[in-house]
Amino acid sequence: MDMTTLEKIDDEDNMVSIAVGNEVMTFTADYLLGWIESQLAGLKHPTRITVFSIAPDGSQQSVLLSASVWQRHLLRGPWKDYFTKIWESFTIAEAEREEILSGITSRDSSFYKSCQDFIYDLRHYGNNKSSRSRLESNGHQFYIGEPYFRAEVRDKILQLPTFRGTLQTSLRVLEAKRADSTICASHDLSPIFEAALGVS
Numbered sequence: 001m002d003m004t005t006l007e008k009i010d011d012e013d014n015m016v017s018i019a020v021g022n023e024v025m026t027f028t029a030d031y032l033l034g035w036i037e038s039q040l041a042g043l044k045h046p047t048r049i050t051v052f053s054i055a056p057d058g059s060q061q062s063v064l065l066s067a068s069v070w071q072r073h074l075l076r077g078p079w080k081d082y083f084t085k086i087w088e089s090f091t092i093a094e095a096e097r098e099e100i101l102s103g104i105t106s107r108d109s110s111f112y113k114s115c116q117d118f119i120y121d122l123r124h125y126g127n128n129k130s131s132r133s134r135l136e137s138n139g140h141q142f143y144i145g146e147p148y149f150r151a152e153v154r155d156k157i158l159q160l161p162t163f164r165g166t167l168q169t170s171l172r173v174l175e176a177k178r179a180d181s182t183i184c185a186s187h188d189l190s191p192i193f194e195a196a197l198g199v200s
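Numbering-wise (UniProt numbering), the sequence shown opens with residue 1 and increments by one.
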């Protein structure tokens, strides 16, 4: 069943089937491409994206787009060019991001520890006064800067490549989405910075 229209998928040219165990789940290519791109915009790794389907009995099913699913189903078949473009764009950005982070780490042996401290404070912003105080002390809209990163390092971090631009681009997209509400340090910012900095 099509997750966007909740109707049976009749257009075979727009179908993508994924075998999971003994079951075959069918999605529209439009749904998969849109969902994957939206998740990648939030800096989710393509092999950690879960998509959803509705079974004939009306129950909801989910499938993790693991490396195996990408290789066996998405990077083959009639829609492979679209999925390959997404995969390659992500892979190129990921390699460039890792190279930049490696360069920063080679010049600053405490960089990884600073990243961990920054992520810890983001996660605990709401329930730890010391974390909140450290984050708010630098005056940056997204809390990135001292005491975690010097201005030069902060600027490099904000220019880390992502699937659709840079980390700064992703933060601006988040800002636009949250225009009518407050950006949450632990729920909104922490996952983005964790993915960008490679810290979990």
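Where is the CB? At the ideal position from N, CA and C, for every residue including glycine. Owing to the predicted nature of the structure, the values given are computational and were not obtained by experimental measurement.
Alpha helix (DSSP H) segment containing residue i, residue limits
{"i": "phenylalanine 193", "result": "190 to 197"}
{"i": "glutamine 71", "result": "First-last for glutamine 71: undefined, no H or E at that position."}
{"i": "glycine 34", "result": "29 to 41"}
{"i": "cysteine 115", "result": "111 to 123"}
Simplified DSSP state of residue i, which is helix, strand or coil
{"i": "isoleucine 54", "result": "strand"}
{"i": "alanine 151", "result": "helix"}
{"i": "isoleucine 18", "result": "strand"}
{"i": "glycine 77", "result": "coil"}
Among the options, the one whose alpha carbon lies nearest that of residue i
{"i": "serine 62", "options": "Arg72, His73, Ile49 and Gln71", "result": "Ile49"}
{"i": "phenylalanine 90", "options": "Leu160, Leu189 and Ala185", "result": "Leu160"}
{"i": "isoleucine 54", "options": "Leu43, Gln71, Thr28 and Pro46", "result": "Thr28"}
{"i": "phenylalanine 52", "options": "Ile144, Thr162 and Ser17", "result": "Ser17"}
{"i": "glutamate 175", "options": "Gln141, Gln71 and Ile36", "result": "Gln141"}
{"i": "glutamate 194", "options": "Asn14, Ser102 and Gly42", "result": "Gly42"}
{"i": "arginine 97", "options": "Lys177, Arg172 and Leu158", "result": "Leu158"}
{"i": "arginine 164", "options": "Lys44, Asn128 and Ala19", "result": "Lys44"}
{"i": "tyrosine 120", "options": "Arg178, Arg72, Pro191 and Ala179", "result": "Pro191"}
{"i": "residue 205", "options": "Leu33, Leu64, Leu32 and Asp57", "result": "Residue coverage of the chain in this structure runs from 1 to 200, which leaves residue 205 outside it and unanswerable."}
{"i": "residue 201", "options": "Ala179, Pro78, Val153 and Ser181", "result": "Beyond the ends of the chain as shown, which are 1 and 200, falls residue 201; an answer cannot be given."}
{"i": "glutamine 39", "options": "Ser181, Thr162, Asp155 and Ala19", "result": "Thr162"}
{"i": "asparagine 127", "options": "Trp35, Ile104, Gly145 and Ala185", "result": "Ala185"}
{"i": "proline 147", "options": "Cys115, Val173 and Arg123", "result": "Cys115"}
{"i": "isoleucine 36", "options": "Ala19, Lys85 and Glu23", "result": "Lys85"}
{"i": "histidine 73", "options": "Ile104, Asp117, Ala95 and Val24", "result": "Val24"}
{"i": "alanine 196", "options": "Ile183, Ala151 and Ile144", "result": "Ile144"}
{"i": "glycine 198", "options": "Ala95, Gly139, Met15 and Thr182", "result": "Ala95"}
Bounding residues of the beta strand (DSSP E) (the contiguous stretch that carries residue i)
{"i": "serine 62", "result": "60 to 64"}
Residue i to residue j span [Cα, whole Å]
{"i": "histidine 187", "j": "serine 200", "result": "14 Å"}
{"i": "glycine 21", "j": "tyrosine 125", "result": "41 Å"}
{"i": "phenylalanine 149", "j": "threonine 26", "result": "46 Å"}
{"i": "leucine 189", "j": "serine 106", "result": "26 Å"}
{"i": "arginine 134", "j": "aspartate 108", "result": "21 Å"}
{"i": "phenylalanine 83", "j": "serine 170", "result": "21 Å"}
{"i": "alanine 93", "j": "serine 59", "result": "37 Å"}
{"i": "lysine 156", "j": "arginine 76", "result": "36 Å"}
{"i": "leucine 167", "j": "tryptophan 87", "result": "18 Å"}
{"i": "aspartate 81", "j": "alanine 19", "result": "20 Å"}
{"i": "lysine 177", "j": "glutamate 136", "result": "22 Å"}
{"i": "alanine 151", "j": "arginine 123", "result": "22 Å"}
{"i": "phenylalanine 111", "j": "proline 78", "result": "44 Å"}
{"i": "valine 139", "j": "serine 68", "result": "Reading the sequence as shown, one finds glycine at residue 139 and not valine. For glycine 139 and serine 68, the distance between alpha carbons rounds to 44 Å."}
{"i": "residue 238", "j": "aspartate 180", "result": "This structure gives no information on residue 238, because the portion of the chain shown stretches from 1 to 200."}
Check: residue i C-beta below 8 Å from any heavy atom of the ligand COA
{"i": "arginine 107", "result": "Only the bare structure without any ligand can be found here, which leaves the ligand COA out of the picture."}
Which runs of the alpha helix (DSSP H) fall wholly inside the region 125 to 182 and span at least 4 residues, in chain order? 129 to 136, 151 to 158 and 167 to 177
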